[in-house]
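Read in order, the letters of the sequence shown correspond to residues 3 to 385 in our numbering. The structure appears below as structure tokens.
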Amino acid sequence: MTHDAAVLKAREIASRVLAPSAGQNDKAGRFSIEAIASLGESGLLGLMLPADVGGQGLGPRSFAAVMATLAEVDASVAMVYLMHILGTAAISAARPGTAQAIAPILREIGAGRHLSTLAFSEVGSRSHFWAPVSRAQRKDDGVRITAKKSWVTSAGQAQSYVVSALAPEATGPTESTLYLLPARTRGLSVAGPWDGLGLRANASAPMAMDDCEVPSDLQLTDDGAGFPAMLNVVLPLFNLGTATVALGLCRAAVAGTVAHLKSAKFEHLGQSLGESLPTLRAQLAAMQIDTDGLAARIDDLVDHLEKPRETTMLRVLESKAAAGDVAISVTSAAMRICGGAAFSKHLGIERLFRDAHAGAVMAPTGDVLREFIGKSLLGISLF
Ligand SMILES: Cc1cc2nc3c(=O)[nH]c(=O)nc-3n(C[C@H](O)[C@H](O)[C@H](O)COP(=O)(O)OP(=O)(O)OC[C@H]3O[C@@H](n4cnc5c(N)ncnc54)[C@H](O)[C@@H]3O)c2cc1C
């Protein structure tokens with residue numbers, strides 16, 4: 003599949019499958035099984051996997067374009083897709099020695115029949131996902147894990163979960179290991195409902211692991227090597243992906259605002275809102291400037307990921323922090339410009355506004371990213 007073909011497929015799925023049901027799924031908090039089936043049939047679930055396991059072998063540029071296309075129509079589905087791509091990347095980077103157990107799973111993903119996700123955040127360490135408080139216990143040929151995971155996107159819907167826990171012999175808070183738990187693992191369960199302010203249709207419920215047995219061939223990283231995998235494999239794509247969700251939301255907010263300013267009329271003045279009020283035109287222009295600024299930032303991050311250099315990690319950190327703020331600001335402007343019509347949910351703009359508030363609180367949160375950036379500029383160690 004080429005880059006252009008991937009984006010075309012995403013567009014087709016967005017208009018045929020996502021657009022008709024995004025509003026209803028948001029209202030009902032319903033996970034879109036149809037969306038995942040379509041992404042699977044189209045080959046997009048294996049977007050970044052190599053061809054030898056049935057993947058498309060595409061890179062961050064295509065990932066970013068597909069993500070923004072999905073997010074513009076349904077940010078919940080885009081977030082499910084993002085967490086799947088991250089889970090897949092972690093599985094794909096598994097340590098040597100796991101190949102026999104991992105290869106069939108990668109082939110299932112390549113064939114579009116397997117959805118994965120990440121279960122990192124824990125009740126005990128909250129947004130500090132790099133410091134799980136659960137600890138794997140060594141047992142026979144593998145480990146057992148008991149953990150309380152606070153939010154897991156696609157909880158109860160995914161076929162597998164990439165799970166973090168402190169390594170059995172860990173002596174420090176970041177000495178974690180990543181494991182792969184198939185959905186059928188005994189002791190693994192959804193531990194509560196998902197009724198969020200936004201991203202309501204992505205099943206981001208808590209999950210419990212109660213003495214879950216994990217054989218050694220499903221241990222993805224070496225003991226204690228979960229943290230570098232989080233930083234090097236997961237974080238760059240996660241920050242890129244959440245920035246593209248923000249971009250999709252901003253583009254949808256601009257389009258929705260333009261449509262409203264053209265269609266809503268002051269009948270007594272014989273003008274549309276947009277014709278009548280320069281202040282609304284100026285606010286719309288500011289939304290467009292911020293949206294294009296975010297698109298340029300994402301292009302720059304993609305370029306840094308394609309050609310890694312000294313500034314790449316800084317760009318990774320900056321992009322998610324900036325995108326979270328831009329998404330909130332642009333969708334807030336849309337709410338204000340579209341007035342009571344937006345507030346009373348006639349336009350679908352309020353869904354964008356609610357969805358836009360997730361990015362800044364998903365870990366690493368905007369605050370944490372700014373803290374990391376400030377510390378690294380001053381040469382202070384981050385952890
Ligand atoms: C829709 C959604 C989907 C999610 N999906 C997943 C998933 O699939 N997998 C997963 O593992 N997790 C997931 N999460 C969890 C997410 O990544 C965060 O861990 C979670 O949102 C943190 O919330 P909290 O209340 O625990 O934050 P807290 O840690 O309690 O933070 C509270 C506030 O303190 C600030 N803060 C915390 N630490 C610092 C610091 N060091 N410096 C400055 N400020 C700080 C934060 O920015 C925040 O404003 C999801 C969350 C949401 C909302």
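Using N, Cα and C, we set each Cβ at its ideal position, and we do this for glycine too.
Heavy atom of ligand 1 within 8 Å of residue i beta-carbon
| i | result |
| --- | --- |
| residue 41 | no |
| residue 85 | yes |
| residue 151 | yes |
| residue 120 | yes |
| residue 204 | yes |
| residue 192 | no |
| residue 369 | yes |
| residue 33 | no |
| residue 168 | no |
| residue 198 | yes |
| residue 385 | no |
| residue 364 | yes |
| residue 182 | no |
| residue 229 | no |
| residue 356 | no |
| residue 349 | no |
| residue 135 | no |
| residue 81 | yes |
| residue 353 | no |
Cβ separation of residue i and residue j, assumed to be a contact under 8 Å, to the nearest whole Å
| i | j | result |
| --- | --- | --- |
| residue 211 | residue 149 | 4 Å |
| residue 350 | residue 25 | 6 Å |
| residue 160 | residue 118 | 6 Å |
| residue 31 | residue 197 | 6 Å |
| residue 121 | residue 127 | Contact flag wrong, Cβ pair sits at about 13 Å. |
| residue 266 | residue 275 | 5 Å |
| residue 45 | residue 3 | 6 Å |
| residue 116 | residue 104 | The pair is not a contact, with the Cβ atoms about 12 Å apart (cut-off 8 Å). |
| residue 241 | residue 321 | 5 Å |
| residue 129 | residue 313 | Wrong, their Cβ atoms sit about 25 Å apart, outside the cutoff. |
| residue 416 | residue 34 | No information on residue 416 is available, as it lies outside the stretch 3 to 385 that the chain covers here. |
| residue 214 | residue 188 | 7 Å |
| residue 95 | residue 235 | 5 Å |
| residue 50 | residue 65 | 6 Å |
| residue 12 | residue 71 | 4 Å |
| residue 75 | residue 172 | In fact, because the Cβ distance is near 42 Å, the residues do not count as touching under 8 Å. |
| residue 227 | residue 209 | Wrong, their Cβ atoms sit about 23 Å apart, outside the cutoff. |
| residue 123 | residue 365 | 6 Å |
Residues that DSSP places opposite residue i in a beta bridge
| i | result |
| --- | --- |
| residue 273 | 268 |
| residue 146 | 139 and 215 |
| residue 178 | 168 |
| residue 128 | 124 |
| residue 151 | 124 and 209 |
| residue 184 | 162 |
| residue 192 | 209 |
| residue 221 | 181 |
Proximity of residue i and residue j at Cβ, strictly below 9 Å
| i | j | result |
| --- | --- | --- |
| residue 73 | residue 318 | no |
| residue 77 | residue 362 | no |
| residue 323 | residue 371 | yes |
| residue 38 | residue 239 | no |
| residue 179 | residue 245 | no |
| residue 69 | residue 200 | no |
| residue 286 | residue 278 | no |
| residue 255 | residue 332 | yes |
| residue 40 | residue 63 | no |
| residue 230 | residue 144 | no |
| residue 125 | residue 141 | no |
| residue 263 | residue 339 | yes |
| residue 202 | residue 28 | yes |
| residue 207 | residue 284 | no |
| residue 336 | residue 223 | no |
| residue 113 | residue 164 | no |
| residue 252 | residue 225 | no |
| residue 299 | residue 257 | no |
| residue 56 | residue 111 | yes |
| residue 131 | residue 232 | yes |
| residue 168 | residue 177 | yes |
| residue 97 | residue 221 | yes |
Any non-hydrogen atom of ligand 2 closer than 8 Å to residue i Cβ
| i | result |
| --- | --- |
| residue 360 | Among the ligands in the structure shown, ligand 2 does not appear; only ligand 1 can be found there. |
Return the chain-ordered ranges of every beta strand (DSSP E) run that is complete within the region 57-137 and spans a minimum of 3 residues. List check, beta strand (DSSP E) in window: 118-121.
Enumerate, from N- to C-terminal direction, the unbroken alpha helix (DSSP H) stretches of 4 or more residues contained entirely within the region 294-339. Counting only runs of 4 or more, we get 314-339.
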